[in-house]
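K.L.:
I have a structure here, written as structure tokens, and I will follow up with some questions on it.
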Amino acid sequence: MPEEPIFNIITGTISHPFITNIYDFIFNSSYRLLNLHYTHIHFDVHPRNLEIALKGIGALNIQGINVLPPHNENVIKYLDEVNGEASTINLVNTVVNEGDRLIGYNTHIFGLNEILRPFKDEIAEKQISIFGAGNLSKTLLYTLIKNYRPKNINLFNRDLQRAEQLIKFVKEELNFNTIKAFPFIDEEIIKYNEKSKLVINATPIGSPPKINDSIIENVNFLKEGQIVFDMVLSMNDTKLIGLAKQHNLKTITGLDFLLYHTSKTFELWVNKEIPINEVKKIVLDVYHNEK
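Basically the working numbering = 1-based index in the sequence shown + 336.
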């Protein structure tokens with residue numbers, strides 16, 4: 337009798353346009369390390385085809401989907417259930433196919449908690465500066481307010497109207513009032529960032545190929561004792577992280593955030609943990625060998 341063929345279970349990432357293959361690499365590396373018969377594929381899904389794509393998950397028995405922009409909000413209307421935290425912020429980045437039901441989660445919250453937890457005592461009751469007012473900032477604000485008791489938050493953004501919309505959500509839905517928007521101007525940043533314990537870049541500034549860009553060019557805007565978190569995904573230090581290291585400050589990188597939130601997504605799909613340190617080494621080795 338011929339052996340039964342082994343069929344790989346499919347997981348996928350959806351975005352538009354195609355953004356990066358880093359997720360495919362992380363998930364497929366993890367499947368191989370754990371000897372799991374899974375394959376991860378990246379799908380370029382135009383927003384007009386999102387509903388059809390979600391129906392296809394069930395029809396093709398795809399185990400789960402990693403959701404990237406621009407779909408994190410619109411995907412919700414096509415799900416059968418949304419986890420409480422994801423529902424609160426109206427953002428989903430992970431979909432799990434449970435039988436005939438599609439369940440949405442936000443694993444960014446888990447990832448943020450994992451990388452910020454070691455600094456919890458330092459952050460509590462302190463001022464925090466966040467640069468950017470997009471969906472990452474919204475998730476950050478939810479996580480920080482729910483778990484880290486900040487004294488006050490300064491939100492820097494080029495579009496102050498968008499920042500004010502986010503502040504409205506924070507005040508009405510999270511019942512946190514000590515938050516204020518500031519323009520993305522060097523003088524304002526230097527003035528109002530000085531007393532912040534945690535400084536977070538949640539903008540794309542500094543992303544490849546523009547790796548020499550930073551949220552501010554004045555090298556002295558960072559102060560002694562601050563913790564600097566750059567959410568930009570880079571295999572090398574971003575300019576902001578480099579500046580922080582020059583000041584001997586504690587740093588958190590976008591790669592670490594990526595690994596922790598994808599580890600939760602992976603767990604929701606296959607009920608196993610990603611070997612984070614092994615996968616990080618593989619990612620960095622492959623990247624630097626390709627240089």
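A virtual CB, placed ideally from N, CA and C, is assigned to each residue, including glycine.
Cβ atoms of L620 and M567: under 8 Å apart, would you say?
P.N.:
As a first step, residue 567 must be located in the sequence shown, where it is residue number 231. As a first step, residue 620 must be located in the sequence shown, where it is residue number 284. Result no, Cβ atoms of M567 and L620 do not sit closer than 8 Å.
K.L.:
Between the Cα of L404 and the Cα atoms of F593, F363, N419 and V428, which residue gives the shortest distance?
P.N.:
Position 68 of the sequence shown holds residue 404. Comparing Cα positions, the closest option is V428.
K.L.:
Entirely within the stretch 434-501 and at least 4 residues each: give me those alpha helix (DSSP H) ranges in chain order.
P.N.:
Listed in chain order, they are 443-452, 456-459 and 471-483.
K.L.:
Measure the beta-carbon distance from N490 to K516 and round it to whole angstroms, keeping in mind my assumption that it falls under 8 Å.
P.N.:
The sequence position of residue 490 within the sequence shown is 154, counting from 1. The sequence position of residue 516 within the sequence shown is 180, counting from 1. N490 to K516, Cβ: 6 Å. Contact.
K.L.:
Ignore the nearest five residues each way along the sequence and tell me which others in L496's own chain have a CB closer than 7 Å to its CB.
P.N.:
By one-based count along the sequence shown, residue 496 stands at place 160. Excluding positions up to five away in sequence, the list reads A517 and P519.
K.L.:
Among the candidates I345, T356, T347 and F602, whose CA atom is the shortest distance from the CA of S543?
P.N.:
Translated into positions along the sequence shown, residue 543 becomes position 207. Of the listed residues, the one whose Cα sits closest to S543 is T356.
K.L.:
If I'm right that I346 touches T375 with Cβ under 8 Å, what's the distance once you round it to whole angstroms?
P.N.:
Your numbering for residue 346 matches position 10 in the sequence shown. Your numbering for residue 375 matches position 39 in the sequence shown. At roughly 6 Å, the Cβ-Cβ gap stays under 8 Å, so I346 and T375 are in contact.
K.L.:
Determine the direct distance from the alpha carbon of S365 to that of K608, and round the result to whole angstroms.
P.N.:
Walking along the sequence shown from the start, residue 608 turns up at place 272. Walking along the sequence shown from the start, residue 365 turns up at place 29. Each residue's Cα considered, the two are about 14 Å apart.
K.L.:
With distance defined between alpha-carbon atoms, name the residue in Y528, S599 and Y484 nearest to L628.
P.N.:
As displayed, the chain neither begins before 337 nor continues past 627, which places residue 628 out of reach and without an answer.
K.L.:
Ignoring anything shorter than 4 residues, give me the alpha helix (DSSP H) runs that lie fully in the stretch 509-582, in order along the chain.
P.N.:
Taking only runs of at least 4 residues, the alpha helix (DSSP H) segments lying wholly in the stretch 509-582 are 522-529 and 575-582.
K.L.:
Going by the CB atoms, is the gap between L448 and T424 shorter than 8 Å?
P.N.:
Working through the sequence shown from its first residue, we reach residue 424 at position 88. Working through the sequence shown from its first residue, we reach residue 448 at position 112. Their beta carbons are not under 8 Å apart, which means T424 does not touch L448 by this criterion.
K.L.:
Which runs of the beta strand (DSSP E) spanning at least 3 residues fall entirely within the stretch 337-414, listed in chain order?
P.N.:
The qualifying runs are 345-351, 374-380 and 400-403.
K.L.:
Could you tell me if V622 is buried or exposed, where buried requires 16 or more neighbouring beta carbons within 10 angstroms of its beta carbon?
P.N.:
Reading the sequence shown from its first residue, position 286 is the one you call residue 622. Exposed is the call here.
K.L.:
So I551 and F565 are supposed to be a Cβ contact under 8 Å. How far apart are they, rounded?
P.N.:
Here residue 551 corresponds to residue number 215 of the sequence shown, with the count starting at 1. Here residue 565 corresponds to residue number 229 of the sequence shown, with the count starting at 1. 12 Å between Cβ atoms; not a contact.
K.L.:
In chain order, what residues of the same chain lie with their CB nearer than 7 Å to the CB of I618, ignoring the 5 residues before and after it?
P.N.:
The count along the sequence shown starts at 1 and reaches residue 618 at position 282. S365.
K.L.:
Pairs of beta-carbons, one from the stretch 522-534 and one from the stretch 501-509, closer than 8 Å: are there three or more?
P.N.:
In short, these stretches do not touch, since the Cβ pair count stays below three.
K.L.:
Tell me which residue opens and which closes the beta strand (DSSP E) that T587 is part of.
P.N.:
Numbered from 1 along the sequence shown, position 251 holds the residue referred to as residue 587. Segment K586 to I588, the beta strand (DSSP E) holding T587.
K.L.:
Where do the N-terminal and C-terminal ends of the alpha helix (DSSP H) with E609 fall, by residue?
P.N.:
As a working note, residue 609 is residue 273 in the sequence shown. No alpha helix (DSSP H) holds E609; DSSP gives it neither H nor E.
K.L.:
Rounded to a whole number of angstroms, what is the C-alpha to C-alpha distance between G435 and R485?
P.N.:
For this step, residue 435 is matched to residue 99 along the sequence shown. For this step, residue 485 is matched to residue 149 along the sequence shown. Approximately 39 Å, taken between the alpha carbons.
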